[in-house]
Amino acid sequence: MSGRHILQALFARELRLVLRGGHLMPVIAFVFICVMLMPFGLGPELSLLQRLAPGLLWVIMLMAILLSLDRMFQADFEDGGLDQLMLLPVALEGAIMAKISAHFVGILMPVLATMPLAGLLLNIRPDTVMPMLAALLAGAPALVMLGAIGAALAVGVRRAGLLTVLIVTPLYVPVIVFGAGALARSLAAPGTLDVAAIAVLGLISAASIFLAPPAIAAALRAGLR
Amino acid sequence: MVKTENFSYTPAVFPAAADTKNQVSLRVENLACARGLRVVFADLNFTLAGGGVLHVSGANGAGKTSLLRMICGLLAPAAGTISLSDSTPLAPQCHYHGHADGLKNTLTPRETIFYENRFSTSQEPSAAEDLLVLAGLRKQADQRVSTLSAGQRRRLALARLLAAPRRLWLLDEPYTALDAAGRDLVDTLVRRQAEAGGLVVLAAHEPVPLADNHLELDA
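This is the structure:
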């Protein structure tokens with residue numbers, strides 16, 4: 009088998025593990041619980057909910073991703089799977105990308121698919137759903153890759169979930185700023201797409217896809233040693 | 003019961019006996035291991051020739067697991083070098099069978115072997131069905147790994163050694179939790195690996211008659 013075939017097999021295995029792990033439903037439940045609790049906290053005024061929706065949706069998305077990443081590497085560390093991952097005859101960075109891709113497809117794509125409904129519950133207009141999805145899709149890879157760095161740094165640490173949040177949250181600020189901004193401008197001018205902000209989100213995502221795997225690999229190696 | 007001695011799938015599962023001219027050896031030179039400020043061992047030197055089985059023993063804390071993890075690159079040595087005589091990278095040629103088995107609870111044994119086969123660079127990976135028979139897990143092949151007993155998990159982890167053939171096996175307490183048939187399985191796997199020209203470093207507290215080399219680490 010070539011390296012490409014090994015990575016494909018690893019992706020398939022990880023996707024199967026994600027789908028069987030029962031991690032998806034709690035994350036989706038989290039998204040809708042947050043959205044449904046908002047009117048209780050903020051009041052039933054629809055225009056207020058609509059005005060706050062861009063920031064709320066991005067923060068909810070961010071928290072959902074952190075929730076799903078909690079045990080991404082920790083479970084492998086505890087069951088010895090990380091040792092086996094290190095010894096695969098492929099670059100560790102490639103194996104990490106296969107694992108994160110499976111996580112993205114198995115958990116985050118379904119969560120992204122629920123975001124239009126979550127947005128409508130926060131009273132965003134139907135004609136802003138597509139711009140919202142475009143912004144979330146452009147920024148989601150950055151959220152996942154940055155979250156995975158935090159998860160890798162916290163490997164082997166007790167209460168790793170809390171540590172991951174503390175490490176990663178500051179890194180998320182640019183994504184949230186541009187993402188919520190893009191969504192707010194689409195809400196202000198229905199049917200329009202803030203191409204510049206989405207391009208910046210795409211650039212941040214592309215940079216994180218290239219830069220995060222070596223950082224994650226280094227963090228995992230350090231965690232094992 | 004697993005009858006590993008008279009195993010009928012031998013050609014499909016076990017690698018062929020090796021050409022002794024092409025065998026590589028493992029060289030460990032001036033190796034030292036430190037945990038914090040404590041030196042676990044130092045100035046460790048040995049060469050394990052192709053087809054050799056090295057039994058590593060020693061009291062708890064003597065550094066048996068650390069030595070195995072250093073050989074496959076999971077742990078950095080404080081000093082010294084570890085290499086193969088043909089100078090190829092060690093890590094992708096190692097199987098590490100440690101205390102944590104790396105098995106995934108939500109997969110079945112059949113799926114575990116299936117994926118392990120695909121993680122192999124070998125052109126002729128072993129048939130999953132044959133390996134399940136060898137491990138005595140044919141009846142449990144489609145149960146989740148989480149439902150297996152400790153001994154059955156251990157056997158499945160051992161079957162992975164053949165699913166993706168590699169040159170160097172590092173076995174840390176491989177007899178733990180195994181019954182008599184399971185221990186025979188370990189012995190058969192180790193013997194076949196050695197006959198195929200592979201290398202085996204095995205850490206165990208009990209005597210290992212198969213081993214042709216012995217290393218005692220002092221605590």
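Chains as they are written, first to last, in the working numbering: chain B, 9 to 233; chain E, 3 to 221. The C-beta atom is built at its ideal place from N, Cα and C for all residues, glycine as well.
Partners in chain E for residue i, counting only beta-carbon separations shorter than 7 Å
{"i": "B:Arg28", "result": "Thr108"}
Residues that residue i contacts on chain B, provided the C-beta gap is smaller than 7 Å
{"i": "E:Leu76", "result": "Asp91, Met94 and Leu232"}
Residue i (DSSP reduced to helix, strand or coil)
{"i": "B:Phe81", "result": "coil"}
{"i": "E:Leu133", "result": "helix"}
{"i": "B:Arg133", "result": "coil"}
{"i": "B:Leu25", "result": "helix"}
{"i": "E:Ser85", "result": "strand"}
{"i": "B:Leu45", "result": "helix"}
{"i": "E:Asn107", "result": "coil"}
{"i": "E:Arg156", "result": "helix"}
{"i": "E:Val4", "result": "Summary for E:Val4: the model assigns pLDDT 33, below 50, so the residue's position carries little reliability; its value from the coordinates is reported in the next sentence. In the structure shown, E:Val4 sits in coil (DSSP, three-state: anything other than H, G, I, E or B)."}
{"i": "B:Asp202", "result": "coil"}
{"i": "B:Val98", "result": "coil"}
{"i": "B:Arg12", "result": "helix"}
{"i": "B:Phe19", "result": "helix"}
{"i": "B:Leu70", "result": "helix"}
{"i": "E:Arg120", "result": "helix"}
{"i": "B:Ala226", "result": "helix"}
{"i": "E:Thr190", "result": "helix"}
{"i": "B:Val39", "result": "helix"}
{"i": "E:Pro13", "result": "For E:Pro13, the predicted structure reports a pLDDT of 36, less than 50, and the residue's modelled location is therefore unreliable. A value from the coordinates is still provided. In the structure shown, E:Pro13 sits in a helix (DSSP, three-state: H, G or I)."}
Contact belief for residue i with residue j at Cβ below 8 Å, rounded distance in angstroms
{"i": "B:Thr172", "j": "B:Ala188", "result": "Actually they do not touch by this definition, with Cβ atoms about 22 Å apart."}
{"i": "E:Leu109", "j": "E:Val147", "result": "6 Å"}
{"i": "E:Ser27", "j": "E:Ala51", "result": "5 Å"}
{"i": "B:Phe38", "j": "B:Ala72", "result": "6 Å"}
{"i": "B:Phe81", "j": "B:Leu174", "result": "Not really, about 17 Å apart at Cβ, beyond 8 Å."}
Within chain B, the residues that residue i reaches when beta carbons sit closer than 8 Å
{"i": "E:Asp103", "result": "Asp87 and Gly88"}
Beta bridge counterpart(s) of residue i as assigned by DSSP
{"i": "E:Val58", "result": "E:Ala205 and E:Leu217"}
{"i": "B:Ala214", "result": "DSSP lists no partner for B:Ala214."}
{"i": "E:Trp171", "result": "E:His97 and E:Val202"}
{"i": "B:Ile175", "result": "In DSSP, B:Ile175 forms no bridge with anything."}
{"i": "B:Ile115", "result": "In DSSP, B:Ile115 forms no bridge with anything."}
{"i": "E:Leu46", "result": "E:Leu33"}
{"i": "B:Leu65", "result": "According to DSSP, which records beta bridges pairwise, B:Leu65 is partnered with nothing at all."}
{"i": "E:Val41", "result": "E:Ala36"}
{"i": "E:Leu28", "result": "E:Leu50 and E:Leu86"}
Neighbour list for residue i in chain B, Cβ cutoff strictly below 9 Å
{"i": "E:Arg120", "result": "Met9, His13, Ile14, Gln16, Ala17, Leu18, Ala20 and Arg21"}
{"i": "E:Tyr117", "result": "Ala17, Leu18, Ala20, Arg21 and Arg24"}
{"i": "E:Gly100", "result": "Gly88 and Asp91"}
Between the stretch 80 to 96 of chain E and chain B, which residues of the former have a C-beta closer than 7 Å to a C-beta of the latter?
Ala93, Pro94 and Cys96
Against chain E, which members of the stretch 93 to 113 of chain B pass a CB distance test of less than 9 Å?
Leu93, Met94, Leu95, Leu96, Pro97 and Val98
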